[in-house]
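Everything on this sheet refers to the single structure shown next.
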Amino acid sequence: MISAGDFRNGITVEIEGNVYQIIEFQHVKPGKGAAFVRTKLKNIKSSGVVEKTFRPTEKFPQARIDRVDMQYLYSDGDLYHFMDVNTYEQIALNTDTIGDALKFVKENEMVKICSHNGSVFAIEPPLFVELQITETEPGFKGDTATGATKPAVVETGATVYVPLFVEQNDTIKIDTRTGEYLSRV
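The letter at position 12 of the sequence shown is residue 958 when you use my numbering, and the numbering goes up by one with no holes.
Printed below as a string of structure tokens:
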């Protein structure tokens, strides 16, 4: 059990039968009245975000989230196949579960499968990936003073905004959390 006074960002708790991850929390001590904790919670199953307030003494069971490293094998139609590299056990997940988590992930790369009580609710791609640019328009010489960017399509089909000096067939490093270009490799 965890009390609302001990909330921290990233902790997962069970509230009213749902599993929530704490995105933000703030301890508030008003001039009059009792102190309270204002939180912003993300429902890990539906991805909805709600704001709730709690008394600091309220207690909630901490949800146990299992994160397993698995290899992304391939997709066929709207099913995506993953394999546990230790046990060689394979699972198939549908597009609804995955969302756009695999936007920057190539086949045969490792991802984390997140589950609660055996039901998978999310895929965590690696924080940084290196992908080759398959399509982009050429940049113009001397047009770098403004810090301008241009769209580029990477080998997974996703579009990333890159600086003008990046060219087709370059390999770039991307932050998968924000989808931003970091550097050339």
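Here a beta-carbon is modelled for each residue, glycine too, at the ideal position from N, C-alpha and C. Since the model is a prediction, treat every value here as computed from it, not as a measurement.
Give the straight-line distance between the Cα atoms of residue i and residue j, rounded to the nearest whole angstrom.
i	j	result
I968	D1046	22 Å
F1111	F1074	21 Å
E960	I1069	20 Å
T1122	K978	45 Å
G1023	E962	36 Å
Y1127	V1057	20 Å
E1101	S1129	16 Å
N1063	N964	12 Å
E1083	P1097	8 Å
F1067	V995	15 Å
Y966	A981	22 Å
N1032	P976	53 Å
P1072	E1055	9 Å
S1021	F1006	39 Å
L1025	Q1036	12 Å
Are the CB atoms of residue i and residue j nearer to each other than 8 Å?
i	j	result
A1104	K1049	yes
S1065	D1012	no
I1059	V1014	yes
Y1107	T1124	no
Using C-beta distances below 6 Å, list every residue in its chain close to residue i, excluding the 5 sequence neighbours before and after it, in chain order.
i	result
G945	Because the chain spans 947 through 1131 in this model, residue 945 falls outside it and cannot be assessed.
L1019	H1027, M1029
Going by alpha carbons, who is nearest to residue i out of the options?
i	options	result
T985	I1059, F971, Q1036, V996	F971
E1113	Y1034, P976, V1099, Y1020	V1099
L987	Q1017, S1021, G956	G956
R1010	I948, P1097, A1094	I948
Y1034	Q1017, P1071, S1021	Q1017
Spatial neighbours of residue i within its chain, please: C-beta separation below 8 Å, excluding the five flanking residues on both sides.
i	result
Q1008	M947, I948, I957, T958, V959, E960
G1093	P1109
V983	A950, G951, F953, F971, Q972, H973, V974, T999, F1000, R1001, P1002
Note down, in chain order, each residue of its chain lying with its Cβ closer than 7 Å to the Cβ of residue i, except the 5 sequence neighbours on either side.
i	result
K998	T985, L987
V1131	E1076, T1117, I1118, K1119
I want to check one thing, is the minimum distance from the CB of residue i to the heavy atoms of the ligand HEM below 7 Å?
i	result
E1081	With respect to the ligand HEM, the structure offers nothing, as it holds no ligand at all.
| request: Determine, using beta-carbon pairs with one atom in the region 1111 to 1127 and one in the region 1066 to 1081, whether at least three such pairs fall under 8 Å. | output: yes
| request: Say whether the region 1035 to 1044 touches the region 985 to 1004, bearing in mind that this needs 3 or more beta-carbon pairs closer than 8 Å, one atom from each stretch. | output: no
| field | Stretch-stretch touch, CB-based, cutoff 8 Å, three pairs: the region 993 to 1006 with the region 948 to 956 | value | yes
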